[in-house]
Amino acid sequence: MKLNAVRWMAAAAAVVMAALNIAPAAAQTVSINGAGASFPFPVYGQWAHKYNQLTGVQVNYQSIGSGGGIAQIKAKTVDFGASDDPLKTEELNQAGLLQFPMIMGGVVPIINVKGIEPGKMLLTNALVADIFLGKVNKWNDPAIVGLNPGLQLPEQKITVVRRADGSGTTSIFTNYLAKVSPEWKDKIGAGKTVEWPVGVGGKGNEGVSAYVRKVNGSIGYVEYAYALQNKLSHVKLRNRDGGEVEPTSATFQAAAANAEWKAEEGFGLFLTDQPGKESWPITGVSYILIYKQHDKADIAAAMLKFFDWAYKHGKETAEKLHYVAMPENVIQMVQAAWAKDVTAGGKPGWPAN
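Numbered as in this note's numbering, the sequence shown ends at 400 without a single skipped number.
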């Protein structure tokens, strides 16, 4: 094609777009970048895809672990961070950050034991702790056999798989272990990283899932969506009130039912070992971290509009992936915090224009 013809076609296209009041795609595109917890990655990815189809706004989220997300938002290399381990008020204030809850879900122990289907093996809270302490190290240990008389359990070493990176999923899981096991609390403690007594490490929920799928005789812990996506067997747990529960949206919601959210900085809350026979004992919250003061008003507005849309219209997607959407009263508290604390270009950041 001759050069003049190419120029003519380009000019004609510009005239048509102007006549239809259509701006070039590049001029409309807004990109929001986030990074952090792998726990909420499946639902954040689905929300971002749907929101892009509706608005053209691109929300790019990297699943790098809560520790990485906190580091990147503090370094200002992303627009928002995500963590399942809530930061304390002092740390938030030092960094100029606002923290708020975005989604809830369940952490589940997953196993690879030949012939054991999902939900068929029962474990107690104390027994989970003893396995991860290395005290119970064979699948035919009398403590496991006694709970599961109908299962054919092999005389096989238990391989513990845990996170190798700074992880909010680990923070939720170790918070649970510290609540149900005095020995774990005294010897190991809780946090995004701990000195694991036994096991091999995988990076992200993705890495732990891959290890458990590969290693016969293994046990690990992941956010429930990863167990479903990778077709991994989960265990059933006996909770603090004696209920024998499986991970479902209903048992996650039961754990969240008694949550005492407070309209204060950080909203920091763990939902582990909650009361109620229907409560899944390893339920957690994933948090978003943003700066209170933003130089780029367009990015701040686009980001808060996305979170607002996810709160209002993302519930169905969340439930399909077995997450629990935030209740309306919490959303109202969060948006009140946006209005009070977030500025963009020196002006209030919410409601966004």
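Don't be surprised by glycine CBs; every beta carbon is placed ideally from N, CA and C. Keep in mind that this is a model prediction, so the values were computed, not measured.
Length of the line joining the Cα atoms of residue i and residue j
i    : j    : result
G213 : G115 : 7 angstroms
V241 : N400 : 44 angstroms
M140 : P201 : For clarity, residue 140 is Asn in the given sequence; the question names Met instead. Cα to Cα, N140 sits roughly 52 angstroms from P201.
V63  : T76  : Note on V63: pLDDT 35, under 50, position unreliable in the model; no value is reported.
V227 : A176 : 8 angstroms
G152 : D342 : 33 angstroms
W300 : L279 : Sequence check: residue 300 is Gln here, not Trp. In a straight line, the C-alpha of Q300 is about 22 angstroms away from that of L279.
P133 : R210 : 18 angstroms
I163 : M350 : 44 angstroms
A9   : I235 : Coverage of the chain is limited to positions 48 through 400, which leaves residue 9 absent and any answer about it impossible.
E138 : A95  : 28 angstroms
M149 : Q105 : 18 angstroms
E307 : Q199 : 42 angstroms
Y273 : E253 : 7 angstroms
A84  : Q100 : 24 angstroms
P196 : P398 : 58 angstroms
Q93  : A82  : 15 angstroms
D188 : P322 : 29 angstroms
N184 : I178 : 6 angstroms
G128 : P229 : 33 angstroms
V90  : V269 : 14 angstroms
F317 : I335 : 15 angstroms
E293 : W385 : 36 angstroms
A304 : V262 : 36 angstroms
N277 : G393 : 46 angstroms
A344 : A383 : 19 angstroms
E375 : T136 : 23 angstroms
Y271 : K182 : 26 angstroms
G14  : G313 : Because the chain spans 48 through 400 in this model, residue 14 falls outside it and cannot be assessed.
Q379 : V255 : 36 angstroms
Simplified DSSP state of residue i, which is helix, strand or coil
i    : result
E270 : strand
K204 : strand
L194 : helix
A73  : Any reading at A73 needs caution, since the residue's pLDDT is 38, under 50, leaving its predicted position unreliable; the model's value is listed next. Residue state, collapsed to three classes: helix.
S110 : strand
A95  : helix
P89  : helix
A303 : helix
P395 : strand
A211 : coil
N400 : coil
Whole-number beta carbon distance between residue j and residue i, since they are thought to touch under 8 angstroms
i    : j    : result
R287 : N172 : 7 angstroms
H281 : V155 : 5 angstroms
L174 : I191 : 7 angstroms
A302 : S333 : Their Cβ separation, rounded to whole angstroms, is 14 angstroms, which puts A302 and S333 out of contact at 8 angstroms.
K250 : T217 : Not really, about 12 angstroms apart at Cβ, beyond 8 angstroms.
Neighbourhood of residue i by C-beta, 6 angstroms cutoff - its chain only, sequence neighbours within 5 removed
i    : result
N107 : N80
L145 : I337, K339 and D388
K324 : D288 and G290
K121 : A142
W231 : A176, L224 and A225
G396 : A347, V389 and T390
F34  : The structure shown has nothing for residue 34, since the chain only spans 48 to 400.
W243 : R209
Y258 : V208 and G249
T221 : A237 and V241
P165 : S280 and H281
I401 : The requested residue 401 does not occur in the structure, where the chain is confined to residues 48 to 400.
G215 : A84, F86, S113, S130, D131 and D132
K362 : A372
G315 : P133
Beta-carbon proximity list for residue i, same chain, < 7 angstroms, skipping 5 on both sides
i    : result
A70  : Any reading at A70 must be qualified, since the residue scores a pLDDT of 38, below 50, and its modelled position is unreliable; the value itself is stated next. Cβ neighbours of A70 beyond the five flanking positions: none.
Y223 : T319, D320, P328 and I329
G264 : N159, V160, W186, Q203, K204, I205 and T206
H360 : none
S296 : E366, H369 and V371
V377 : P148 and W308
W356 : Y98
Q119 : A82, V125 and G128
G246 : V207, V208 and R209
F353 : I79, Y98, V104 and V106
K167 : L198
Any non-hydrogen atom of the ligand ATP within 7 angstroms of residue i CB
i    : result
D342 : The model on display carries no ligand, and the ligand ATP is accordingly not part of it.
Own chain, CB closer than 8 angstroms to residue i, minus 5 neighbours either side, in chain order
i    : result
L169 : L194, N195, V282, K283, L284, R285 and E291
M373 : P148, M149, I150, M151, Y358 and V381
8 angstroms Cβ cutoff, residue i in contact with chain C
i    : result
G290 : In the structure shown, chain C does not exist; there is a single protein chain.
Q | Runs of alpha helix (DSSP H) wholly within the segment 216-298 (minimum 4 residues, chain order) | A | If you keep only unbroken alpha helix (DSSP H) runs of at least 4 residues inside the segment 216-298, you get 229-234, 251-261 and 271-276.
**Q.** 4-residue-minimum alpha helix (DSSP H) runs that sit fully inside the segment 307-386, ordered along the chain
**A.** 344-360 and 362-367
Q: Write down every uninterrupted run of the beta strand (DSSP E) in the segment 102-186 whose length is 3 residues or greater and which is fully enclosed by it, in chain order.
A: List check, beta strand (DSSP E) in window: 105-110, 127-130, 144-159 and 169-171.
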